[in-house]
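Residue numbers (the numbering used here), protein chains in the order written: chain Y, 4 to 288; chain F, 46 to 137.
For every residue, glycine included, the Cβ atom is placed at its ideal position computed from N, Cα and C.
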């Protein structure tokens, strides 16, 4: 069980950065100049001077080192969690969050957890969009999302896309509904196992979203169109944390229903070869 | 307990749901479960909004699915009982 009691307002240090992730605006308070410099470069494309709705504080506490317990609990508008040597809380009502890690090298992972959770919550509520647990690829100016739970092949597809298209992330991207149909936008969140030198966070605005693929490792390439309700189920099972509360689930379902009406969704059985792009008819000449 | 034909089933407030192109998707955040209902079940789910009795839901199915009234009532009773057992439906 988690700790109870009042949450403390995050202390925003002088080392602050402001981000805009698909319209979700965040002010990050970082505990040292070293981390400030690191994240200034890491989130470079997402820096913003728009006044931030969210305040997020990062802290380092070496006493968390070596802990293995994991839990998440939702109490009203507040989510508290512990993931081994990382702990934090997110207050959806006050739009504040805090994450503490045991060592500075875990800072990227810790912030990714909290910031992507905030995007999961904020995008359907306020931006008619979903944060999708998937890899985003832009080919010839058109967007494609390859989604699935961990281990289903998002990172593999991202590697296979090198030289074919622009990879926006191997972990999470934004699918948005607008007056001109569905669009794809980038996020700065990459897989926590992705080597830092392979990460190229880039701010890509809305490009037309042409298709979404639910990834399945298979002995051969297979593509099956999904009925709208099945498509919603596949999206749900790739990222159930988006629906941890009834209110969150309701608004998530509302946006997902509109998204699957706009964008074709397929189940994609695939082999880890670059024939994937021929199979999908997306290979450049 | 057998379902009373004049009872009014309604969706459990613990759930979020959406009928997507005729098929209901249910999310139960507390139990971390998602499920989908078949076409007839989805229609019953839609109609079970706390304002209609089991008999009234069966009447609607009789008109929409070209089934005889006894068969429709049987389907509704079985479905509602099952979902009430699973605490997905409650009585208004």
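Check                                                                                                                                                                                                         : Outcome
May I have the straight-line CA-CA distance separating residue 64 of chain F from residue 64 of chain Y, to the nearest angstrom?                                                                             : 46 Å
For a test of the three-state rule: what should DSSP assign to residue 263 of chain Y, helix, strand or coil?                                                                                                 : helix
For the beta strand (DSSP E) that contains residue 186 of chain Y, what are its first and last residues?                                                                                                      : 184-188
Quick check: what's the CA-CA separation for residue 132 of chain F versus residue 96 of chain F?                                                                                                             : 18 Å
Which partner residues of residue 54 of chain F appear in the DSSP bridge assignment?                                                                                                                         : F:136
Of the residues that make up the region 226-259 of chain Y, which ones have a beta carbon closer than 9 Å to any beta carbon in chain F?                                                                      : 230, 231, 232, 233, 234, 235, 236, 239, 240, 243, 246, 247, 248, 249, 250, 251, 252, 253, 254, 255, 256, 257, 259
For residue 147 of chain Y, write down the residues that DSSP places opposite it in a beta bridge.                                                                                                            : Y:140, Y:214
For the beta strand (DSSP E) that residue 221 of chain Y lies in, which residues bound it at each end?                                                                                                        : Segment: none, residue 221 of chain Y is in no beta strand (DSSP E) and carries neither H nor E.
Using a Cβ-Cβ cut-off of less than 9 Å, list which residues of the region 56-75 of chain F approach chain Y; keep chain order.                                                                                : 58, 59, 60, 61, 62, 63, 64, 65, 66, 67, 68, 69, 70, 72, 73, 74, 75
To which residues does DSSP link residue 179 of chain Y through a beta bridge?                                                                                                                                : Y:132, Y:186
Can you have a look at residue 94 of chain Y and say buried or exposed, based on whether 16 or more other CB atoms are within 10 angstroms of its CB?                                                         : buried
Please look up how many angstroms separate the CB atoms of residue 130 of chain Y and residue 25 of chain Y, rounded, as I've assumed it's under 8 Å.                                                         : 6 Å
Beta strand (DSSP E) containing residue 225 of chain Y: first to last residue?                                                                                                                                : 225-228
Under a CB-based cut-off of 8 Å, is residue 85 of chain F close to chain Y?                                                                                                                                   : no
Just to confirm the assignment, what range does the alpha helix (DSSP H) spanning residue 46 of chain Y have?                                                                                                 : Looking at the DSSP string, residue 46 of chain Y is not in any alpha helix (DSSP H), and its letter there is neither H nor E.
Can you name, in chain order, every residue of its own chain whose Cβ lies under 6 Å from the Cβ of residue 285 of chain Y, other than the five neighbours on each side?                                      : 142
Can you find a C-beta in chain Y that's less than 8 Å from the C-beta of residue 79 of chain F?                                                                                                               : yes
For residue 75 of chain Y, which residues in chain F fall below 8 Å Cβ to Cβ?                                                                                                                                 : Result: empty, since nearest Cβ-Cβ is about 10 Å, beyond 8 Å.
Over what stretch of residues does the alpha helix (DSSP H) that includes residue 280 of chain Y continue unbroken?                                                                                           : 278-282
At a Cβ threshold of 8 Å, is residue 263 of chain Y touching chain F?                                                                                                                                         : yes
Within the continuous alpha helix (DSSP H) that includes residue 166 of chain F, where are the two ends?                                                                                                      : Only positions 46 to 137 of chain F appear in the structure, and residue 166 of chain F is not among them; the question remains open.
Ignore the nearest five residues each way along the sequence and tell me which others in residue 23 of chain Y's own chain have a CB closer than 7 Å to its CB.                                               : 49, 51, 53
Using 10 angstroms around the beta-carbon of residue 99 of chain F, count the other beta-carbons present and answer buried if the total reaches 16, otherwise exposed.                                        : buried
Closest to residue 127 of chain Y by C-alpha separation, out of Y:178, Y:157, Y:148, would be which residue?                                                                                                  : Y:178
Considering only C-alpha positions, which residue in the set Y:187, Y:96, Y:79, Y:116 is nearest to residue 85 of chain Y?                                                                                    : Y:116
What three-state label does DSSP hand residue 96 of chain Y in the structure shown?                                                                                                                           : coil
For the alpha helix (DSSP H) holding residue 20 of chain Y, just list the boundary residues, first then last.                                                                                                 : Unbroken run through residue 20 of chain Y is the beta strand (DSSP E), 18-24; no alpha helix (DSSP H).
Check residue 81 of chain Y in the structure and name its three-state DSSP category.                                                                                                                          : strand
Can at least three beta-carbon pairs, one atom from the region 198-212 of chain Y and one from the region 248-256 of chain Y, be found at a separation below 8 Å?                                             : no
Measure the alpha-carbon distance for residue 41 of chain Y versus residue 267 of chain Y and round it to whole angstroms.                                                                                    : 39 Å
Along the chain, where does the alpha helix (DSSP H) that runs through residue 66 of chain F open and close?                                                                                                  : Looking at the DSSP string, residue 66 of chain F is not in any alpha helix (DSSP H), and its letter there is neither H nor E.
Could you check whether the region 231-243 of chain Y touches the region 147-158 of chain Y, counting it as contact only if at least three pairs of C-beta atoms, one from each stretch, sit closer than 8 Å? : yes
Distance, Cα to Cα, residue 110 of chain F vs residue 67 of chain F?                                                                                                                                          : 13 Å
For residue 255 of chain Y, list the residues DSSP reports as bridge partners.                                                                                                                                : Per DSSP, none; premise fails for residue 255 of chain Y.
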